[in-house]
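Note that my numbering has the sequence shown beginning at 1, numbered continuously upward. Where a beta carbon is used, it is the ideal one built from N, C-alpha and C, also for glycine. What you are looking at is a predicted structure, and each value in this text was computed from that prediction instead of being measured. Here the structure is laid out as structure tokens; the discussion comes afterwards.
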Amino acid sequence: MEKITDINTLTNHVTIPELPEGNYPLNPPIYQAVKFSWENYDDLKAMMRGEKQGYFYTRYANPTVHALESLLANIQGRESCVVTASGLAAVTTCFLALLQQGDHVILFIESYRPSRVFAREWLPRYGIDYSLLSISDMAGLKKAIIPGKTKMILFESPTNPQLKIADVAQITALARQHGAATVMDNTFASFHNHGTFDVDLYLHSLTKYASGHGDAMGGAIIGSGPWIAKVKSAALAMGSNLDPNSAYLLLRGMKTFQLRYQRQSENAQRLAEWLQRQPQVKRVIYPGLSSHPQHALARQQMRDFGTMIMMEIKGSGLDLETLIKKLRIFKLAASLGSTESMIAPVMMFYGSDLSPNELQQADFNESCLRISVGIEDPTVLIADFSQALTTLPT
Ligand SMILES: *Cc1c(COP(=O)(O)O)cnc(C)c1O
1 MEKITDINTL
11 TNHVTIPELP
21 EGNYPLNPPI
31 YQAVKFSWEN
41 YDDLKAMMRG
51 EKQGYFYTRY
61 ANPTVHALES
71 LLANIQGRES
81 CVVTASGLAA
91 VTTCFLALLQ
101 QGDHVILFIE
111 SYRPSRVFAR
121 EWLPRYGIDY
131 SLLSISDMAG
141 LKKAIIPGKT
151 KMILFESPTN
161 PQLKIADVAQ
171 ITALARQHGA
181 ATVMDNTFAS
191 FHNHGTFDVD
201 LYLHSLTKYA
211 SGHGDAMGGA
221 IIGSGPWIAK
231 VKSAALAMGS
241 NLDPNSAYLL
251 LRGMKTFQLR
261 YQRQSENAQR
271 LAEWLQRQPQ
281 VKRVIYPGLS
291 SHPQHALARQ
301 QMRDFGTMIM
311 MEIKGSGLDL
321 ETLIKKLRIF
331 KLAASLGSTE
341 SMIAPVMMFY
351 GSDLSPNELQ
361 QADFNESCLR
371 ISVGIEDPTV
381 LIADFSQALT
391 TLPT
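Written out as structure tokens, the structure reads:
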């Protein structure tokens, strides 16, 4: 062919430099490409027959996204991973991958609110039944399992926002006995925790600790090869895939994941111990406190106790408003896992769909505050609470 001089042809057929063997970037490149082309038609045919590995279209697979999936599977201690556009997409992908008309699923009052809302408002449309129990009610769980019908149990530990600890060994053993799959939303405890348990699938909102900087959304489902193959086919059918640019941001966040989580956990422990001694505070719930009703179980199950605290003040909901308005360093915002400290009024953010009876089991009220502890100097965090608590009733 003659040398091409047409500008539109040249600008649309850029040569991508091939790297010399053994010479590679230290950060994963962002393959911001939807389509992957083949020089050789026979190679494409072989890929379509499943005889050759390759990339075709980013909804199916993308190298940057793959890098993230391999990393996450590895640190959670499992074979495979599928990432999704958000944590909630991971939740809904699991529901629709594992359940069909006539099935029954069990989940808990102490869980991420949108997961409960999905079960209540959407699953019945597809003829799928659910039971909503308290994570403290293991006897109830035994009774709620319908042999042959209960196909999935979705649970969290520590729970949001009241930080109850699920008895993972007991839940997984019961599920195994009755042929139900266990799906553990492991967002709060994160990738380095709970990997040794007999859990079928782990879920994560990558928006939290993987991003770490509150600038990217994503979700992950992690498990054995066969489980992930099942989940992946549902993810493909629904198009819940993650964009490569977000995958890159999440990979970048992961570089400091463990450092951030450790520092935030240490800060949380220190702040929780201090808060517990303040006369304006009725109770502090943090799994790392020996006063936590399930501290021993947390110690058994987790390597560290997380970055989240729930506290209840002695004063009313109005007093809680005063406290929130006076805090300077702690930002009023939903979410967690970011480097900056945040606060969230528990009833307003997490209780709106619960009945009075369910709220009682959920164990929080108008005087409760959820605290997401960041990486700031712990003395600064304590000083902020110290000035904000002063006018509250003791
Ligand atoms: C945030 C969160 C989710 C949902 O994740 P998004 O990325 O916000 O969609 C699911 N489960 C838990 C426990 C969460 O904290």
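Local conformation of residue i per DSSP, three classes
i       : result
Phe-155 : strand
Ser-316 : coil
Phe-108 : strand
Tyr-57  : strand
Gly-424 : The requested residue 424 is not part of the displayed model; the chain covers only 1 to 394.
Leu-323 : helix
Lys-45  : helix
Gly-351 : coil
Ile-30  : coil
Gly-337 : coil
Gly-77  : coil
Gly-219 : strand
Asn-241 : strand
Leu-332 : strand
For residue j and residue i, believed in contact at Cβ under 8 Å, the rounded distance
i       : j       : result
Glu-312 : Cys-368 : 5 Å
Thr-339 : Arg-260 : 6 Å
Ala-144 : Ile-106 : 6 Å
Lys-314 : Thr-390 : Not quite, the Cβ-Cβ distance comes to about 14 Å (not below 8 Å), so this is no contact.
Ala-272 : Gly-253 : Not a contact, Cβ separation roughly 25 Å.
Tyr-31  : Pro-161 : That pair is no contact at about 38 Å.
Val-34  : Thr-58  : 5 Å
First through last residue of the beta strand (DSSP E) which encompasses residue i
i       : result
Ile-343 : 342-345
Thr-84  : 80-84
Arg-282 : In the sequence on display, residue 282 carries Lys and not Arg. Segment 281-285, the beta strand (DSSP E) holding Lys-282.
Residue span of the alpha helix (DSSP H) that contains residue i, given as start and end
i       : result
Ala-229 : 225-238
Leu-381 : 378-389
Arg-370 : Where Arg-370 is concerned, there is no enclosing alpha helix (DSSP H), although the beta strand (DSSP E) it sits in stretches over 368-372.
Met-254 : 244-254
Trp-274 : 257-276
His-292 : Note, His-292: premise wrong, no alpha helix (DSSP H); not H, not E.
Pro-356 : 356-362
Leu-99  : No alpha helix (DSSP H) contains Leu-99, which DSSP labels as neither H nor E.
Thr-9   : 7-11
Inter-stretch contact (C-beta, 8 Å, three-pair minimum) for the segment 120-128 and the segment 91-105:
Touching, yes.
Ignoring anything shorter than 3 residues or poking outside the segment 116-204, list the beta strand (DSSP E) runs there in chain order.
Every beta strand (DSSP E) of 3 residues or more that sits fully in the segment 116-204 is shown, in chain order, as 129-133, 150-156, 181-185.
Kindly confirm or deny that the segment 190-200 and the segment 151-169 touch, where touching means at least three C-beta pairs closer than 8 Å.
Three or more beta-carbon pairs drawn from the segment 190-200 and the segment 151-169 are found closer than 8 Å, and the two stretches are therefore classed as touching.
Is it true that the segment 174-194 meets the segment 46-65, where meeting means three or more beta-carbon pairs spaced less than 8 Å apart?
Touching, no, given that fewer than three Cβ pairs across the two stretches are closer than 8 Å.
Would you call the segment 38-49 and the segment 185-193 in contact, with 3 or more CB pairs under 8 Å?
No: the two stretches stay apart, fewer than three of their Cβ pairs being nearer than 8 Å.
Per the contact definition of three or more C-beta pairs closer than 8 Å, is the segment 251-258 in contact with the segment 371-388?
Because the criterion of three Cβ pairs below 8 Å is not met, the segment 371-388 and the segment 251-258 do not touch.
Whether or not the segment 274-285 and the segment 238-247 are in contact is what I'm after, with contact meaning three or more pairs of Cβ atoms, one per stretch, closer than 8 Å; do they touch?
Between the segment 238-247 and the segment 274-285, the count of C-beta pairs closer than 8 Å stays below three; the two stretches do not touch.
Does the pairing of the segment 74-81 with the segment 115-126 give three or more beta-carbon distances under 8 Å?
The segment 74-81 makes no contact with the segment 115-126: fewer than 3 CB pairs, one atom from each, lie closer than 8 Å.
The segment 219-227 / the segment 81-95 touching (three or more Cβ pairs under 8 Å)
When Cβ pairs closer than 8 Å are counted between the two stretches, the segment 219-227 is seen to touch the segment 81-95, the count reaching three or more.
Would the segment 262-272 and the segment 300-307 be scored as touching if the rule is three or more Cβ pairs under 8 Å?
Touching, per the Cβ criterion.
With a threshold of 8 Å, are at least 3 pairs of Cβ atoms found where one atom belongs to the segment 327-346 and the other to the segment 203-219?
By the criterion of at least three beta-carbon pairs nearer than 8 Å, the segment 327-346 is in contact with the segment 203-219.
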